[in-house]
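Residue numbers (this note's numbering): 2 to 76. Heads up, the beta-carbon is just placed ideally off N, CA and C, and yes, glycines get one too. On a predicted model such as this, the values are computed, not experimentally measured, just so you know. One structure is given here, and the rest of the page talks about it.
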Amino acid sequence: MKISGFSFVRNGVSLYYPIVESIKSILPIVDEFIIAVGQSKEGDDTREKIAKINDPKVKIIDTVWEEKYFKKGII
Numbered sequence: 002m003k004i005s006g007f008s009f010v011r012n013g014v015s016l017y018y019p020i021v022e023s024i025k026s027i028l029p030i031v032d033e034f035i036i037a038v039g040q041s042k043e044g045d046d047t048r049e050k051i052a053k054i055n056d057p058k059v060k061i062i063d064t065v066w067e068e069k070y071f072k073k074g075i076i
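In structure tokens, the structure reads:
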């Protein structure tokens with residue numbers, strides 16, 4: 002059996018979310034961790050910080066979030 006973890010993030014650094022710490026805390030109990038990273042605003046290096054974890058268990062999926070859906074809470 003394989004255990005996977007999953008999360009998504011956008012503007013994590015700008016919003017002071019402890020994304021690196023969160024990912025590192027789950028790595029000991031999963032076989033892989035998939036993180037969907039939305040396009041962050043300029044100057045936010047969330048994706049780069051996740052990439053620096055440099056663990057083969059971490060798989061980054063780059064995503065685009067459709068802002069037209071934000072108002073109705075679809076995302």
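Residue i versus residue j - alpha carbon distance
i	j	result
ARG11	MET2	30 Å
VAL21	GLY44	17 Å
PHE71	GLY13	17 Å
LEU28	LYS50	16 Å
Whole-angstrom C-beta distance between residue j and residue i, which should lie under 8 Å
i	j	result
LYS80	ILE35	Limits of the chain in this structure are 2 at one end and 76 at the other, which puts residue 80 out of reach.
SER5	GLU33	5 Å
LYS58	VAL38	At roughly 16 Å, the Cβ-Cβ gap does not stay under 8 Å, so LYS58 and VAL38 are not in contact.
Paired residues, beta bridge with residue i - DSSP
i	result
VAL10	VAL38
SER5	GLU33
Check your understanding: Which runs of the beta strand (DSSP E) spanning at least 3 residues fall entirely within the stretch 17-71, listed in chain order?
Key -> If one requires a minimum length of 3 residues, the beta strand (DSSP E) runs lying completely within the stretch 17-71 are 33-39, 59-64, in chain order.
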